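What follows is a set of notes on a single structure, which appears directly below.
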Amino acid sequence: MASVASEKGELELERKGQQWRLCFWISASAAMERAAPFAEQVDISSGDSSSSDADDRKTENKQLKNNITTGQPVNELISEDSMIRRARMYQEYMQLVPIPTHRGSIIPFTSWAGLAASIKQLYGQPLHYLTNVHMKQWDQMRFGTNDDDVPLDTIIHPSKAEASIWLIEEVHRRASSHHYIAQLWLADPMYHAYVDPIFPKLQNSSK
Numbered sequence: 000m001a002s003v004a005s006e007k008g009e010l011e012l013e014r015k016g017q018q019w020r021l022c023f024w025i026s027a028s029a030a031m032e033r034a035a036p037f038a039e040q041v042d043i044s045s046g047d048s049s050s051s052d053a054d055d056r057k058t059e060n061k062q063l064k065n066n067i068t069t070g071q072p073v074n075e076l077i078s079e080d081s082m083i084r085r086a087r088m089y090q091e092y093m094q095l096v097p098i099p100t101h102r103g104s105i106i107p108f109t110s111w112a113g114l115a116a117s118i119k120q121l122y123g124q125p126l127h128y129l130t131n132v133h134m135k136q137w138d139q140m141r142f143g144t145n146d147d148d149v150p151l152d153t154i155i156h157p158s159k160a161e162a163s164i165w166l167i168e169e170v171h172r173r174a175s176s177h178h179y180i181a182q183l184w185l186a187d188p189m190y191h192a193y194v195d196p197i198f199p200k201l202q203n204s205s206k
């Protein structure tokens, strides 16, 4: 089940008898401006977790809560191990979000980022961090071309463009290493801007 508040989205999943808890803390300013970093908290609780893991999570959660009030960059307070754990939980969650099998109507768009935003709104689900970064790169590739001011849907058919996004989204959800994602997050203090705060209701998975 999932519940979303204006400043905090919290998702709780029951999977194989374990309680998984995925929380994202999002500052109000970042919720309004995608370019600004936001403080994010992710923790996971399980009946099989060791006491040391629980202590680590409590320490990390305390640091993240303090970070919200101090305004310090999140990455300054997060160790590599903590970031790897966070990336693992994120990747496991994204693997549970199903790729839509029935597509909606044709979506007009002028840029890849604009099409991605419309897809999120239409289907009510997030796109992967790597996909969001990919959309930015695709838009940047157009800079300096003879038709970079022409709406993109006049160059690439909307159906093909949407299918392309879902294709790379499936690759990112199903075949991305959380270690790779963690290294990207550690290198980019603004990575939160590409993590969508969208939490769709998920069916119980037997995966």
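Numbering that gives the first Met the number 0 puts the last residue of the sequence shown at 206; the count rises by one with no breaks. Built from N, CA and C at the ideal position, the CB exists for glycine as well. Note that the structure is predicted; figures quoted are calculated from it, not measured.
Take the alpha-carbon of T109 and the one of P150: they are about 4 Å apart. Under the three-pair Cβ rule at 8 Å, the stretch 137 to 144 does not count as touching the stretch 184 to 195. Inclusion of V96 and Q124 in the CB contact set at 7 Å is warranted, their separation being smaller than that value. Spanning the alpha carbons of I155 and N131 requires a straight line of approximately 19 Å. In this structure, S117 lies near I106, with their beta-carbon atoms less than 7 Å apart. Judged by their CB atoms, R173 and H127 are not nearer to each other than the 7 Å cut-off. Following the DSSP letters along the chain, one finds S163 inside the alpha helix (DSSP H) bounded by residues P157 to R173.
By the Cβ criterion, the stretch 178 to 189 is in contact with the stretch 82 to 94, since at least three pairs of Cβ atoms, one from each stretch, lie closer than 8 Å. The DSSP-derived three-state label of R141 is coil.
Scanning the stretch 89 to 147 for uninterrupted beta strand (DSSP E) segments of 3 residues or longer gives nothing; none is fully contained. DSSP places Y179 in the uninterrupted alpha helix (DSSP H) bounded by H177 to A186. Nearest Cα to M134 within the set E168, H177 and A112: A112. Looking at the backbone, the Cα of E91 and that of D148 are separated by about 39 Å.
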